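Written out below as structure tokens is the structure these notes cover.
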Amino acid sequence: MDYYIQTCSTEMYMERYMTLVLEHYEQLNLPYTFPVALSFLSSPLLLHKEAFVCFAGEDQTVGAFSYIRGTADEQYKNTHVAQIQIAFIQEEHRCGRLFYEGLRYLAEHNAMEKEPIREFRFWVPSRLNLQRLLGRFAALAHTWETEHGLLDEYHMSAASLESYVHRVRRTVAS
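Letter by letter, the sequence shown follows residues 7 to 180 in the working numbering.
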């Protein structure tokens, strides 16, 4: 199957992003109440930050990812740090290829930015058991105990993201 990724730069793509994440809200496994989760999911669009949609074939929306620059503890002034708000691929389209394409697109998009992000941060429920996969390109920084279960916090430098993308590209080309 052919996949491609599009930046949410128009209202149509923004609508596709929100429709996908709301239709698949339960599958997102977000450890927050719905109002809090909705603020995380919509903030990249509302704050004019970065959101992306993944397509299969001509126009079937099958995934989405987004981030905002800065962290709350720094009043969002540390724009060299990005918080990934969501990374989701519909179950029937989950494959290494699309996951890799998302990482590649993120690395290339970041490299073209006027002020590239130096560090990406993201959080994943521990119960999903993704530590081995995520450890290939990100470092587990902390595990938080929340009312919805354990939450792993990862940090990924832009350099480690680029290195992982190049490593996979070389492996695939071999």
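Glycine included, each C-beta is placed from N, C-alpha and C at the ideal position.
Keep in mind the model is a prediction, meaning the values are calculated, not measured.
- Counting other Cβ atoms within 10 Å of its Cβ, Ser169 stays below 16 and is therefore classed as exposed.
- In this model, Val130 and Val87 are separated by some 18 angstroms (Cα to Cα).
- If you ignore the 5 residues before and after Met18, its C-beta comes within less than 7 angstroms of no other C-beta in its own chain.
- Exclusion of the five residues before and after Pro50 leaves Glu56, Ala57, Ser72, Tyr73, Ile74 and Gln91 as the residues of its chain whose Cβ lies within less than 7 angstroms of its Cβ.
- Taking all protein chains shown into account, Cys101 has fewer than 16 neighbouring C-beta atoms within 10 Å of its C-beta and is therefore exposed.
- Boundaries of the beta strand (DSSP E) harbouring Ser163: Gly155 to Ser163, taken from the DSSP string.
- Annotation note: the stretch 82-168 contains the following uninterrupted alpha helix (DSSP H) runs of length 4 or greater, listed N- to C-terminal: 102-118 and 137-140.
- Taking C-beta atoms as the reference points, Ser163 and Arg138 fail to come closer than 9 angstroms.
- About 16 angstroms separates the beta carbons of Ile11 and Glu119, which is beyond the 8 angstroms limit, so they are not a contact pair.
- According to the DSSP assignment, Tyr38 belongs to no beta strand (DSSP E), since it is labelled neither H nor E.
- In this structure, the straight-line span from the alpha carbon of Ala144 to that of Glu21 is close to 30 angstroms.
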